[in-house]
Every structure is written in C-alpha cells, then in structure tokens.
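Student: First residue of the sequence shown: 1, per our numbering; consecutive thereafter. The beta carbon of each residue, even a glycine, is placed where N, CA and C say it ideally should be.
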Amino acid sequence: NLAGTAIVRGYGREHELEADRLGAEYLARSGYDPEAMLQVVSILKNQEAFETTVAKKEGREANVYHGLFSTHPDNDARFREVITAAKKYKTDSTSRIGRDSYLLRLDGLTFGDSEHEGVVRGNHFYHKDLDFSLAFPSGWKINNQTSRVIATPTAKDGLIQLTMDSPDKKVTPKQFMQQHLNLNNLRQGKTFDANGLKGYTAVATGNTPWGQRRIRYAVVSRNNSLYIFAGTARSADQASKYDADILATAKSLHPLTKAEKKLATGKKLDIIRAPKGATWGSLARHSPITNYPEEQLRLLNDQYPTGEPGKSEMIKIVR
Numbered sequence: 001n002l003a004g005t006a007i008v009r010g011y012g013r014e015h016e017l018e019a020d021r022l023g024a025e026y027l028a029r030s031g032y033d034p035e036a037m038l039q040v041v042s043i044l045k046n047q048e049a050f051e052t053t054v055a056k057k058e059g060r061e062a063n064v065y066h067g068l069f070s071t072h073p074d075n076d077a078r079f080r081e082v083i084t085a086a087k088k089y090k091t092d093s094t095s096r097i098g099r100d101s102y103l104l105r106l107d108g109l110t111f112g113d114s115e116h117e118g119v120v121r122g123n124h125f126y127h128k129d130l131d132f133s134l135a136f137p138s139g140w141k142i143n144n145q146t147s148r149v150i151a152t153p154t155a156k157d158g159l160i161q162l163t164m165d166s167p168d169k170k171v172t173p174k175q176f177m178q179q180h181l182n183l184n185n186l187r188q189g190k191t192f193d194a195n196g197l198k199g200y201t202a203v204a205t206g207n208t209p210w211g212q213r214r215i216r217y218a219v220v221s222r223n224n225s226l227y228i229f230a231g232t233a234r235s236a237d238q239a240s241k242y243d244a245d246i247l248a249t250a251k252s253l254h255p256l257t258k259a260e261k262k263l264a265t266g267k268k269l270d271i272i273r274a275p276k277g278a279t280w281g282s283l284a285r286h287s288p289i290t291n292y293p294e295e296q297l298r299l300l301n302d303q304y305p306t307g308e309p310g311k312s313e314m315i316k317i318v319r
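1. Could you tell me whether the stretch 252–270 touches the stretch 126–136, where touching means 3 or more Cβ pairs closer than 8 Å?
2. How would you label residue 84, buried or exposed, when you count the other beta carbons within 10 angstroms and need 16 or more for buried?
3. Output the boundary residues of the alpha helix (DSSP H) element that contains residue 258.
4. Where in the stretch 203–280 do unbroken runs of the beta strand (DSSP E), each at least 3 residues long, occur, reported from the N-terminal end onward?
5. In or out: residue 173 buried (at least 16 other Cβ within 10 Å) or exposed?
6. Need the endpoints of the alpha helix (DSSP H) that residue 315 sits in, please.
7. Would residue 222 be called buried (16 or more neighbouring beta carbons within 10 Å of its own) or exposed?
8. Decide yes or no for the touch test of the stretch 17–27 against the stretch 76–83: beta carbon pairs closer than 8 Å, at least 3 of them.
9. Beta-carbon within less than 7 Å of residue 124's beta-carbon, same chain only, minus the 5 sequence neighbours each way: which residues are those?
10. Is it buried or exposed for residue 60, if we count other Cβ within 10 angstroms and need 16 for buried?
11. Assign residue 249 to buried or exposed, taking buried as 16 or more other Cβ atoms, counted over all protein chains shown, within 10 Å of its Cβ.
12. Have a look at residue 166 and residue 225 and give me their C-alpha separation to the nearest angstrom.
13. Please determine, among 228, 15, 30 and 309, the residue with the shortest C-alpha to C-alpha distance to residue 180.
14. Return the bridge partner residues of residue 285 from the DSSP annotation.
15. Which residues does DSSP pair with residue 149 in a beta bridge?
16. Identify which residue in 213, 187 and 280 has its Cα closest to the Cα of residue 306.
17. Where do the N-terminal and C-terminal ends of the beta strand (DSSP E) with residue 105 fall, by residue?
18. Would residue 232 and residue 208 qualify as a contact pair, given that the criterion is a beta-carbon distance under 8 Å?
19. Going by alpha carbons, who is nearest to residue 247 out of 215, 319, 265 and 276?
20. Taking the continuous alpha helix (DSSP H) assigned at residue 120, which residues delimit it?
21. Please look up how many angstroms separate the CB atoms of residue 245 and residue 160, rounded, as I've assumed it's under 8 Å.
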C-alpha cells in the first residue's frame with residue numbers, strides 16, 4: 001500500500017542521502033567543487049524521467065532514484081544541506097575540470113552486457129566464453145540475467161526461458177528432463193535436431209508466473225552441457241500459442257561463427273569528435289543500441305531530453 005511504500009522509500013532515502021554526503025565529501029577532499037553533486041543528481045533525474053517514460057509504455061513500475069520525496073535537486077533542501085556541509089573539506093589544490101581527459105579514459109568501456117555474461121543484439125543472444133549463439137523470436141524483449149535468459153513477447157502473454165546445466169553423469173536430454181527436472185508427466189515427447197546437436201522436447205504441467213500451466217520444454221545436448229528451454233503462454237485456453245517459437249529458439253542453437261565472434265565481444269563506448277552537422281537522431285540511426293538509441297545517447301552525453309552535440313565536441317557513442 002502507499003503508506004508501506006512511503007516507509008520503505010523513506011528508509012531508502014536516508015541511505016541515499018548518506019551516499020550523497022560521502023560523495024560530496026570525497027569530491028571536496030579531492031579538490032573538486034562539491035556543488036558538482038547537483039549536476040550528478042540532475043543527470044540521474046534525467047535517467048529517472050527516461051525510465052518513467054519507458055516504464056509507462058511497458059506497463060510496469062519505474063525503478064527510480066530519489067523518487068518519492070524529491071523534486072529537482074536544486075530545490076531539495078536536505079540535499080542542499082549535504083552539499084553545504086561538504087564545503088568545509090574543500091581545498092584550493094585544483095580547479096581543473098578535465099572533461100576531455102576524463103572522457104578519453106572511458107574509451108572502450110563496456111556498454112550494456114558483458115561478453116562474459118552473454119550479449120544481446122536485436123533478437124540474437126551471443127555468448128563468447130561458452131561459444132554459442134541462438135535467436136529468440138523477432139520483436140521479443142530479451143532479459144539477460146545472471147543465471148538465465150528470459151524472452152517475452154510485446155503482449156507479455158508468454159515467455160521463453162533458457163538455463164544451462166552440466167550434470168556429473170552424462171545423460172540424454174530426455175533422461176535429464178526425467179531425472180534432473182523431475183518431469184514425470186511428460187507428454188508429446190519427441191527428438192529433434194538443432195544444427196547437428198541432439199535435442200528432446202515434451203510438454204509437462206508446472207508452475208509459471210500465471211499459475212499452473214502447460215509448459216513446453218526443449219533440452220539440447222552440447223559437449224558436456226545441456227541447454228534447457230522452457231516456455232509457456234499466459235492463457236490456459238491458448239496453451240500451445242508459443243510452441244513453435246519455443247522450438248524454433250531451441251533449434252537455432254549453434255556454435256559461434258567467425259562473424260558472430262565479433263558480435264559476441266559486446267558493445268563499447270567510443271569517444272569521438274562530433275561530426276559536422278551531427279544530431280543525436282542521425283548518430284542513433286547508426287548505433288547498435290537496440291532500444292531507444294537516441295534517448296540513450298542523449299543520456300550518455302547529458303543532453304536529455306533536448307540539445308544537440310556541438311561542432312567537434314567530444315562525445316560518447318556506442319560501437
């Protein structure tokens with residue numbers, strides 16, 4: 001409820017202010033102006049505005065910073081007190097801003113997914129360390145988590161989940177379903193081929209985000225690992241709605257090609273001088289950022305929601 005939310009967020013706010021206090025103090029002790037914290041939080045507020053817009057479009061709650069009790073950081077009295085308190089640590093050791101030298105240090109920094117955790121590009125998933133790639137249905141949103149990858153359609157009425165396992169003893173995909181997933185109610189089972197790899201698919205009933213549902217499983221064996229695909233539909237009346245998509249995803253599994261190994265390295269920040277006449281819109285058209293590329297480039301360069309890069313200004317793009 002709202003009261004409970006306010007209490008939880010109020011508690012979090014105290015921690016946020018403590019983090020801001022320490023940040024401002026560290027800035028001052030290092031010879032920088034603690035007033036810069038205002039700009040830092042302003043950037044975070046821009047990120048919050050973007051997150052709120054996207055969350056509304058996606059029909060979910062926004063994940064925000066300083067969200068419930070603050071307005072603009074310039075008008076936040078408690079935050080102002082934090083900045084003022086830090087000024088007693090200010091020194092005269094430096095007044096250098098060093099924006100360009102700072103940006104150059106960011107050149108090549110990983111943007112988004114790390115190659116060690118797998119990289120999402122469009123509807124494809126690439127994993128360099130594990131040497132595999134696969135394709136989820138076009139237009140689905142892919143969420144690359146620590147221990148699993150979950151894809152959901154635009155309508156949010158289904159999902160496909162990928163996990164991996166490496167059993168101590170070698171088992172077939174069917175045996176894995178029965179012995180390790182404990183699926184004793186398998187139905188419609190059959191073998192299939194995934195680019196030369198052996199697979200097995202079957203249907204079972206199990207728990208889902210929408211309660212007990214029919215789940216389509218597909219397990220593919222590769223080297224000493226098993227790739228476990230599980231998918232379902234929200235509606236019990238359309239239980240098999242995404243069966244073809246689940247199987248197509250499982251069958252797309254294959255070792256990385258030479259070209260895909262480059263894609264599996266992940267996206268990196270590239271620090272460049274803004275080309276003559278460049279706009280964030282024109283730069284976004286050539287960006288590998290999948291979702292909201294113009295907005296994300298603006299956020300990266302502190303020009304959200306308006307503004308354009310200046311001629312020859314040093315800016316961040318993504319390669």
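Tutor: Straight from the coordinates:
1. yes
2. Taking the first residue of the sequence shown as 1, we reach residue 84 at position 84. Residue 84 should be labelled exposed.
3. Counting from 1 along the sequence shown, the entry for residue 258 is found at position 258. Residue 258 -> alpha helix (DSSP H) spans 258–263.
4. 211–222, 225–233 and 267–273
5. Looking up residue 173 in the sequence shown gives position 173. Under this definition residue 173 is a buried residue.
6. Residue 315 sits at position 315 when you count from the first residue of the sequence shown. Careful: residue 315 lies outside any alpha helix (DSSP H), inside the beta strand (DSSP E) at 314–318.
7. On the sequence shown, residue 222 is found 222 positions in, with the first residue counted as 1. Counting Cβ neighbours within 10 Å, residue 222 comes out buried, since at least 16 surround it.
8. yes
9. In the sequence shown, residue 124 corresponds to position 124, counting from 1. The residues are 133 and 135.
10. Along the sequence shown, one-based indexing puts residue 60 at 60. The residue is exposed, with fewer than 16 neighbouring Cβ atoms inside 10 Å.
11. Along the sequence shown, one-based indexing puts residue 249 at 249. Result: buried.
12. Reading the sequence shown from its first residue, position 166 is the one you call residue 166. Reading the sequence shown from its first residue, position 225 is the one you call residue 225. Taking the straight line joining both Cα atoms gives about 5 Å.
13. Here the question's residue 180 lines up with position 180 in the sequence shown. Closest by alpha carbon: 228.
14. Your numbering for residue 285 matches position 285 in the sequence shown. DSSP, once it has assigned bridges, lists no residue as partnering residue 285.
15. Reading the sequence shown from its first residue, position 149 is the one you call residue 149. Looking at the DSSP assignment, residue 149 forms a beta bridge with 144 and 162.
16. Position 306 of the sequence shown, counted from the first residue, corresponds to residue 306. Considering only alpha carbons, the answer is 280.
17. In the sequence shown, the residue the question calls residue 105 occupies position 105. Where residue 105 is concerned, there is no enclosing beta strand (DSSP E), although the alpha helix (DSSP H) it sits in stretches over 99–106.
18. By 1-based counting over the sequence shown, the position of residue 232 is 232. By 1-based counting over the sequence shown, the position of residue 208 is 208. Cβ distance < 8 Å, so residue 232 and residue 208 count as in contact.
19. Sequence index remark: in the sequence shown, residue 247 carries index 247 (1-based). Comparing Cα positions, the closest option is 215.
20. Numbered from 1 along the sequence shown, position 120 holds the residue referred to as residue 120. Careful: residue 120 lies outside any alpha helix (DSSP H), inside the beta strand (DSSP E) at 119–121.
21. Sequence index remark: in the sequence shown, residue 245 carries index 245 (1-based). Sequence index remark: in the sequence shown, residue 160 carries index 160 (1-based). Yes, residue 245 and residue 160 are in contact; Cβ-Cβ is about 7 Å, under 8 Å.
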